[in-house]
Amino acid sequence: MTQHGTALNFRDFVEELLAEGDAVDIRTPVSPTLEAAAITRRVYETRSPAPLFSNLSGAEAGFRILGAPAGLSGARKGTYGRLAAHFGLPRDTTPRELLEKLISAMHADPVAPRVVDTGPCKENVLTGDDVDLERFPVPLLHERDGGRYLGTYGFHVVATPDGRWTSWSISRTMLHGRTTLVGPCMPQQHLGAIHRMWRERGERTPWAMVLGAPPAALAAAGMPLPAEVDESGYVGALTGSPVEVVRTETNDLYVPANAEIVLEGYISPDETAPEGPMGEYHGYQFAEGRPQPVFHVEAITFRDDPILPICVAGLPPEENHTIWGTMIAATGLDRLRSSGLPVSMAWCSYEAATCWIVVSVDTRRLARTRLSERELSDAVAEVLFGSHTGWLVPKVILVADDIDITDIDQVVWAMATRYHPGTGEYLYPDAPGIPLVPYLTEEEVRTGRGGKSVMSCLQPEQFEGRARGTAAGFRHSYPEDVRKRVCENWTDYGFSATGLPPR
Ligand SMILES: Cc1cc2nc3c(=O)[nH]c(=O)nc-3n(C[C@H](O)[C@H](O)[C@H](O)COP(=O)(O)O)c2cc1C
Ligand SMILES: [Mn+2]
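The numbering of the sequence shown is full-length UniProt numbering, which starts it at 1 and goes up by one.
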């Protein structure tokens with residue numbers, strides 16, 4: 001018996017998307033070289049159902065790819081439906097409900113994984129000379145990428161030498177050879193931090209990579225939980241069930257038993273190879289690759305008819321925005337709230353490509369704090385930029401909570417009408433940050449500091465609990481009986497019922 005449900009079984013997740021009409025099974029031949037990725041890009045950008053490529057040219061029969069696993073859906077299918085399905089939540093779950101769920105699991109006791117003897121991921125086992133990554137349809141994702149990427153929607157499994165902490169985390173891997181991959185392993189991320197511990201001992205880092213993982217586990221692996229927190233225990237708390245794991249064939253690690261594909265081996269302590277470039281989460285393709293550590297694959301196990309999920313990174317919305325951005329928002333909101341600041345919500349607008357987080361401020365509580373704009377900005381910067389979460393996102397935008405910050409139109413309106421040029425922005429040149437941010441100077445990339453700001457869209461009156469003016473709109477400018485009458489008679493006036501809902 002294997003664990004079921006969309007949160008804890010990737011195959012169930014795919015089947016549910018197909019049943020909901022939020023995935024399409026593509027039986028016509030599609031090439032893994034650019035074509036599958038081009039279709040996936042168009043799917044993200046048109047909010048179409050996720051493409052399941054069941055007939056990949058040149059691939060072994062049965063080997064499949066799922067594109068856009070957490071892309072957004074057309075409005076009538078529930079914009080966040082595919083994301084919500086990662087957690088076993090209803091398709092109409094709102095961002096706010098999702099964040100509350102993610103945060104409450106951060107405060108619950110972890111639920112450790114349950115070790116089982118075997119599982120579907122062991123249906124096929126390749127060891128020794130049979131190990132060959134080229135057996136899988138490894139896609140070329142963008143024309144100017146430096147290679148083909150196998151791991152764009154899978155997570156690494158590594159454990160500290162003392163065995164006390166096991167990290168599950170997403171980081172891309174590019175095909176390097178028949179039995180090798182290459183990919184980034186940043187020391188500020190837990191993969192790199194644990195790899196460093198083994199390197200310092202002069203040893204190889206025992207490693208596994210899980211592709212087609214339980215969707216809730218994949219999302220947790222893209223979440224900046226604090227160091228020394230096992231993502232597996234968090235997933236157990238989040239879903240209410242221990243994740244079923246099996247031991248790898250060749251090293252002492254444990255992986256989800258129903259995963260589609262598991263790679264196992266080690267990260268070399270010293271060997272590097274050129275990796276990238278790859279079209280990235282901020283939406284740009286740069287020309288240069290960089291040397292990165294080499295991952296050696298000593299065994300591959302996989303389900304029959306395996307499905308490889310892929311993220312085709314680039315302009316939003318893709319999974320670096322819908323999964324990473326959402327998980328950053330959850331951990332960021334939790335930190336801000338726990339610090340006692342008057343914060344009601346946080347959201348990484350998907351449109352901003354995980355380069356900003358919008359924070360909404362409860363203005364009534366703000367007035368009671370008697371903080372000035374600078375003091376509030378400094379406090380927010382200290383809480384966020386000093387954390388594992390805040391390292392990832394360079395810009396913070398503060399707005400009053402009359403704005404629904406998950407609605408980009410409202411955020412734009414607040415920025416345009418409330419941010420005061422010259423006085424509304426606070427800079428944090430010493431704050432450490434991810435060097436991938438596209439506008440950083442060479443110096444900032446080299447030192448890993450700078451390019452970080454808090455932009456305030458708060459009005460001076462809001463620090464005293466008042467606002468300058470009220471919104472003029474359908475919801476704000478008419479008495480309830482008039483609004484009700486207008487809504488009830490809408491189609492009688494001759495309008496169609498299916499227009500956008502008014503704000
Ligand atoms: C689709 C996707 C791709 C990602 N790719 C990378 C990557 O290549 N390198 C990286 O450092 N982080 C990447 N991330 C972000 C990390 O997974 C995230 O920061 C996570 O918190 C890292 O785990 P850790 O906190 O245990 O270090 C990606 C996230 C997602 C959702
Ligand atoms: Mn971690």
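Heads up, the beta-carbon is just placed ideally off N, CA and C, and yes, glycines get one too.
Computed from a prediction, not measured in an experiment: that's the story for all the values here.
query, result
"Determine the DSSP secondary structure at residue 322, reduced to helix, strand or coil.", "helix"
"Taking 7 Å as the cut-off, is the C-beta of residue 218 nearer than that to any heavy atom in ligand 2?", "no"
"For residue 258, count neighbouring C-beta atoms within 10 Å of its own C-beta (all shown protein chains included) and say buried if the count is 16 or more, exposed if not.", "buried"
"Buried or exposed: residue 474, going by 16 or more other Cβ atoms within 10 Å of its Cβ?", "exposed"
"Just the C-alpha distance for residue 9 and residue 448, rounded to the nearest angstrom, thanks.", "38 Å"
"Taking the C-alpha atoms as reference points, what is the distance between residue 101 and residue 129?", "45 Å"
"With hydrogens ignored, establish whether the beta-carbon of residue 339 is closer than 7 Å to any heavy atom of ligand 2.", "no"
"Short of 6 Å in beta carbon distance, which residues of its chain neighbour residue 34, apart from the five on each side in sequence? Order them along the chain.", "140"
"Taking 6 Å as the limit between beta carbons, can you name the residues of its chain near residue 324, skipping five residues before and five after?", "222 and 354"
"Alpha carbon to alpha carbon, how far is residue 405 from residue 352? Give it in angstroms, no decimals.", "12 Å"
"How far does the beta strand (DSSP E) with residue 292 in it reach, from first residue to last?", "290 to 302"
"In chain order, which continuous runs of the beta strand (DSSP E) of length 3 or greater are located wholly inside the segment 406 to 459?", "425 to 427 and 453 to 456"
"Compute every distance between the C-beta of residue 133 and the non-hydrogen atoms of ligand 2, then say whether any falls below 7 Å.", "no"
"Tell me where the alpha helix (DSSP H) around residue 486 begins and ends.", "480 to 488"
"Could you round the C-beta distance between residue 369 and residue 342 to whole angstroms and report it? I think they count as a contact, below 8 Å.", "6 Å"
"Could you spell out the range, first to last residue, of the alpha helix (DSSP H) harbouring residue 234?", "231 to 239"
"Where do the ends of the alpha helix (DSSP H) carrying residue 392 lie?", "Counting along the chain, residue 392 falls outside any alpha helix (DSSP H), and DSSP gives it neither H nor E."
"Between residue 363 and ligand 1, is there a pair consisting of the residue's CB and a ligand heavy atom that are separated by less than 7 Å?", "no"
"In chain order, what residues of the same chain lie with their CB nearer than 6 Å to the CB of residue 78, ignoring the 5 residues before and after it?", "91 and 92"
"Our contact map puts residue 256 next to residue 213 with C-beta atoms below 8 Å; I'd like the distance itself, whole angstroms only.", "6 Å"
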